[in-house]
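In the UniProt record's numbering, the protein residues as written are 1 to 197.
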């Protein structure tokens with residue numbers, strides 16, 4: 001019994017270490033898109049975020065649900081055409097008529113993975129929301145809505161995410177989408193040196 005308790009404490013300490021960053025409010029380097037058109041595709045490499053969704057990186061979406069919504073989707077995917085040739089590491093799909101939030105993956109060689117739809121429905125008709133995805137270790141994502149933990153999502157190959165696809169016309173608007181890359185991904189200007197002649 002003591003051994004089990006000890007092992008649980010060790011596991012909890014690792015989880016706490018991984019989760020400690022989740023509540024920090026800083027985003028040193030921001031790439032911000034205001035009033036994003038829907039549908040939209042954001043090429044993460046071309047906008048300076050780089051390839052991959054790495055540990056502690058965040059994607060923050062501030063939006064508003066319309067009065068009579070149907071559904072919207074946010075896909076974090078690799079290279080290719082969504083639902084055709086691009087692997088989708090996260091398909092996040094709030095469906096208002098069910099109501100449920102479907103989370104899934106899609107692989108070009110297999111199709112859809114195992115759908116996850118447990119949990120509360122955190123979106124309300126006509127109301128604003130803040131949705132945040134945070135990359136964890138081992139291909140896991142932390143998801144929060146309106147500052148509250150919503151759930152974890154286990155995926156695959158987060159290091160190959162290169163685009164974000166959003167759709168849901170007549171369902172919601174995106175007031176801002178903020179990308180928070182890690183420091184090492186941000187291109188820093190070349191340093192200059194001066195010489196005395």
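Every residue, glycine too, gets a C-beta built ideally from N, C-alpha and C.
1. Within 10 angstroms of its Cβ, does residue 93 collect 16 or more other Cβ (buried), or is it exposed?
2. Spatial neighbours of residue 148 within its chain, please: CB distance less than 7 Å, with the 5 preceding and 5 following residues excluded, ordered by chain position.
3. Would you kindly check if the distance between the Cβ of residue 57 and the Cβ of residue 180 is under 8 Å?
4. How about residue 134 and residue 78: are their beta carbons less than 8 Å apart?
5. Select from 136, 145, 67 and 100 the residue whose C-alpha is nearest the C-alpha of residue 154.
6. In angstroms with no decimal places, state the Cα-to-Cα distance between residue 116 and residue 34.
7. What are the boundary residues of the beta strand (DSSP E) that includes residue 97?
8. Excluding the five sequence neighbours on either side, which residues of its own chain have a C-beta within less than 8 Å of the C-beta of residue 105, listed in chain order?
9. How would you label residue 118, buried or exposed, when you count the other beta carbons within 10 angstroms and need 16 or more for buried?
10. Can you give me the start and stop residues for the beta strand (DSSP E) that residue 52 sits inside?
11. Cutting at 7 Å between CB atoms, please list the residues of its own chain near residue 32, excluding the five before and the five after it.
12. Looking only at its chain, what residues have a beta carbon closer than 6 Å to the beta carbon of residue 144, apart from the 5 residues adjacent to it on each side?
Per the coordinate set shown:
1. Taking the chain shown and counting its residues from 1, the one referred to as residue 93 is at position 93. With 16 or more other Cβ atoms within 10 Å, it is buried.
2. Within the chain shown, residue 148 is the residue found at index 148, counting from 1. No residues qualify anywhere along the chain.
3. On the chain shown, residue 180 is found 180 positions in, with the first residue counted as 1. On the chain shown, residue 57 is found 57 positions in, with the first residue counted as 1. Cβ atoms of residue 180 and residue 57: closer than 8 Å.
4. By 1-based counting over the chain shown, the position of residue 134 is 134. By 1-based counting over the chain shown, the position of residue 78 is 78. Between residue 134 and residue 78, the gap from beta carbon to beta carbon reaches 8 Å or more.
5. Taking the first residue of the chain shown as 1, we reach residue 154 at position 154. Considering only alpha carbons, the answer is 136.
6. As a working mapping, residue 116 is identified with position 116 in the chain shown. As a working mapping, residue 34 is identified with position 34 in the chain shown. Cα to Cα, the separation comes out at about 30 Å.
7. Along the chain shown, one-based indexing puts residue 97 at 97. Premise fails: residue 97 is in no beta strand (DSSP E) and is neither H nor E.
8. The sequence position of residue 105 within the chain shown is 105, counting from 1. The beta carbon of residue 105 sits closer than 8 Å to those of 87, 88, 89, 90, 91, 112, 113, 155 and 156, all from its chain and outside the five residues before and after it, given in chain order.
9. The sequence position of residue 118 within the chain shown is 118, counting from 1. Per the 10 Å Cβ criterion, exposed.
10. Here residue 52 refers to the residue found at position 52 of the chain shown. Neither: residue 52 is in no beta strand (DSSP E) and is coded neither H nor E.
11. One-based indexing of the chain shown puts residue 32 at position 32. Closer than 7 Å at Cβ, skipping near neighbours: 176 and 178.
12. Residue 144 sits at position 144 when you count from the first residue of the chain shown. Within the same chain, residue 144 has close Cβ partners 132 and 150.
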